[in-house]
Amino acid sequence: MTTSTMSYTSTNKGAAPIVSMHWFRKGLRLSDNPALSQSLDYLSSTSEKNNLNRFYAVYILDGDTYQLRNTSPLRAQFLCDALQDLDQNLQSLGSRLYVATGNPTEVLPQLWSQWNVTHVTCEADETGEPYATKRDSDVLQLAKHHDINFHAIPTETLFSMNTYMELVGNNTQKVPGTMSAFQSLIGVAQRKNSNNITLPVETPISTQFPKTQNHDEYKNEMNPPKVPTDLPWPRDISKDELNLIWNKSDCKNLTPLVKGGETAAFNQLTSTIGSNPAWVASFQKPKTSCTSIEKPSTTGLSPYLSLGCVSPRTVWYAVSDAIGSAPASTPKSKPPVSLHGQLLWREFNNLIAHTANRECPGSWEQMENNKYCREVPWSNDPELLQAWKEGRTGYPWIDACMVQLKTQGWIHHLGRHAVACFLTRGDLWQSWEEGAAHFESQLLDADYALNSFNWLWLSCSGFFYQYFRCYGPVSFQKKNDKSGQYIRKWLPQLKKLPDKYIYEPWKAPIAVQKASGVIIGKDYPKPIVDHAYVSKENMGKMSLAYDIHKEKLNAEKKSKKKKMISSKAAPSRKRVKK
DNA sequence: TTGGGAGTTGTTCAA
DNA sequence: GTTGAACAACTCCCA
């Protein structure tokens, strides 16, 4: 679905008053929100200010969206914090956030009728995520049926997917498949756009909201149509409503990396990017540390970008400003490793997801029929998978990462590499689809486009193919954190082990185990696989899978050639027939 | 068409 | 502690 088709203009031109609704889905922010600004612009577009004009900001809790379908309690809480913050920020401008629950195709028409809505805006979902695509197409049809202006605007990437597709002549075969090729493409996009990424739009101010609108009018209604009146958030949501098991007590012993919301996002932006220009200017992602214990060595902005609590353009320009104010002597890093580079990766991943789903709807999250994914005969061992999820592999570095994931909803990028490689091609030989589903449920920064991309990369199913480069579950982190401080934090049962054994506790003599208060095989598991053995075996399997892939490609090429030859020959046969 | 170069983030061992 | 080569050799892009 292209964005140009995601709008409908009402046939009723003389309608007054204007009742404008902004439907928040992602993009949970007031700043740099072109769709929200558009919604407010409708109100001021009438020739004279109409006292009957109304504005409604709505979020629909829908258990089938990517944001909620598979969420951990931590991630659900992050979303609720973001909604609460959004409501508070709207209230400070004289408005409020209405939160409904249910399927938008049922909820929206009810609200449109109840409020006499004339205009609807939302951010466009451009990844082609199946549920969002179907939902938006259904809602568009409903808007047409109700003769309501509907406008979905791309707001969550630096450039819209349409912009990129136009640059490659709308030919999916020409979409760059590597980051360097993508960087060339974005160079073209920037040149076409006067060498710049569009500046963030201004945050709405209170005078843009209807002054006479009374938002309390629905609070005391006996039977409001699925609009909860018990804001502020968070509130308990019944399991039936959301089809997810979420109890606030589930979050009790968990300590999320960051708190949700636009306000928190800007605090994070200021405290990282805004406060250390030299660090920003010289940032190199692969050189950031995955051993830090107190706070991340990176910006910690990814959860906010994934829900749209801050816009990528806002981050882009904050980085630009910081680089501009860095001392001239600071060595400047460049994409793909720089902070701008990180935003470009995000952009690239969105374009790839968009392309995969264009070629085969819904293929982006799976191995089958995914344009970018090689077929690898992964095995299916629920016990190995479960041990990985629960941090019971017997490799402390891997298990510590998995415990941090569950506790904080976040791990450093290189930790993600280590556990993803371990689950797939490195050690356990389990499908990346399973790993991606688990990451989706646990990560505060779970993102539809980025999650699959990274799993394809790490499992050597796509984009990265050097399968003989394999992360060791011991060696990789040992060189960064010799004394295993990171492990001691997340696996306290191992914290008394001597440095010598912290990465390989099964090698500790029983006397050392007893002295350290941990018996391997009882208090902490023995390794579930022998890395040295399985990693070599798996490389052989990858090599075989690649050979089969090559054969398949050759066969496809041959049949394509044959078809071309026969189609060229066809007209002459016709002539013969005549 | 083809060959060389590049690819955000491997490991191990020797010098 | 640091650096570089060997390991065995991937694919994609572009000139």
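Here the working numbering = 1-based position in the first sequence + 412. Backbone N, C-alpha and C define an ideal beta-carbon position, used for all residues, glycine too. From a predicted model like this one, the values you see are computed outputs, not experimental measurements.
Residue i in three-state terms, based on DSSP
i      : result
MET433 : strand
VAL580 : coil
ALA832 : helix
ASN561 : strand
PHE467 : strand
VAL886 : coil
GLN878 : coil
TYR915 : coil
CYS492 : helix
GLU777 : helix
THR513 : strand
CYS534 : strand
SER978 : helix
ILE598 : helix
LEU854 : Checking the sequence shown, residue 854 turns out to be Gln, not Leu. Of the three classes helix, strand and coil, the one that applies to GLN854 here is helix, per DSSP.
ILE685 : helix
GLN625 : coil
TYR807 : coil
TYR478 : coil
ILE368 : One cannot answer for residue 368 here, as it falls past the ends of the chain, which runs 413 to 990.
TYR784 : coil
LYS973 : helix
GLN842 : strand
Chain-order list of residues whose beta-carbon lies under 8 Å from that of residue i (same chain, five-residue window excluded)
i      : result
ASN635 : Only weak support exists for where ASN635 lies, its pLDDT of 39 falling under 50; the value from the coordinates is given anyway. Excluding positions up to five away in sequence, the list is empty.
ILE914 : PRO808, SER895, GLY896, ILE899, ARG900 and LEU906
LYS623 : GLY506
ALA849 : ASN482
VAL930 : GLN905, LEU906, LYS908, LEU909, PRO917 and TYR936
ASN792 : GLN842 and SER843
Whole-angstrom distance between residue j and residue i, CA atom to CA atom
i      : j      : result
HIS825 : PHE865 : 13 Å
LEU495 : ASP476 : 18 Å
LYS948 : LEU554 : 56 Å
THR423 : GLY686 : 47 Å
THR619 : LEU505 : 8 Å
ARG547 : GLN522 : 16 Å
TRP822 : GLN854 : 8 Å
THR610 : SER723 : 12 Å
ARG441 : CYS882 : 40 Å
PRO939 : LEU666 : 26 Å
TYR468 : CYS872 : 47 Å
ASN515 : CYS772 : 25 Å
LEU868 : ALA593 : 18 Å
ASP499 : TYR510 : 8 Å
GLY806 : LYS438 : 38 Å
Close Cβ partners of residue i (< 7 Å) along its chain, the five nearest in sequence each way excluded
i      : result
ALA690 : ALA738, PRO739 and THR742
GLN778 : GLU845
GLN450 : THR533, HIS563 and ILE565
SER419 : PHE562, HIS563 and ALA564
LEU570 : ILE609, PRO724, ARG725, TRP728, LEU755 and GLU759
Chain-order list of residues whose beta-carbon lies under 6 Å from that of residue i (same chain, five-residue window excluded)
i      : result
ALA765 : THR539, TRP776 and ALA861
TYR454 : ILE430, SER432 and HIS531
THR700 : SER709 and THR710
TRP902 : ALA812, VAL815 and GLN816
VAL600 : LEU579
LYS556 : TYR420
SER843 : TRP790
ILE617 : none
Nearest neighbour of residue i, chosen from the options [CA to CA]
i      : options                           : result
LEU817 : THR836, PHE851, GLY673 and GLY847 : PHE851
VAL749 : ALA676, ASP733, GLN696 and TYR883 : GLN696
ALA677 : LEU666, PRO715 and CYS702         : PRO715
GLU541 : PHE490, GLY774, LEU965 and PRO698 : GLY774
ARG466 : VAL511, SER457, ARG441 and VAL529 : VAL529
GLY952 : ILE922, ASN781, ASN966 and TRP841 : TRP841
GLU568 : LEU448, PRO588 and HIS829         : LEU448
ASN892 : ILE705, ALA593, ASP537 and ASN515 : ILE705
THR575 : ALA832, LEU597 and GLN889         : LEU597
VAL946 : SER525, PRO885, HIS558 and PRO747 : PRO885
LYS586 : PHE880, LYS783, GLN500 and THR615 : LYS783
TYR936 : SER484, ARG804, SER683 and VAL831 : ARG804
LEU835 : THR584, ASP537, LEU870 and THR819 : LEU870
HIS829 : ALA920, MET954, LEU452 and PHE888 : PHE888
CYS702 : ARG603, ARG508 and VAL831         : VAL831
Nearest-angstrom beta carbon gap, residue j and residue i [assumed within contact, 8 Å]
i      : j      : result
PRO698 : LEU856 : So it is not a contact: roughly 22 Å between Cβ atoms.
HIS961 : ARG837 : Rounded, the Cβ-Cβ distance is 14 Å, inconsistent with contact.
GLN595 : LEU756 : 7 Å
ASP493 : GLY673 : 5 Å
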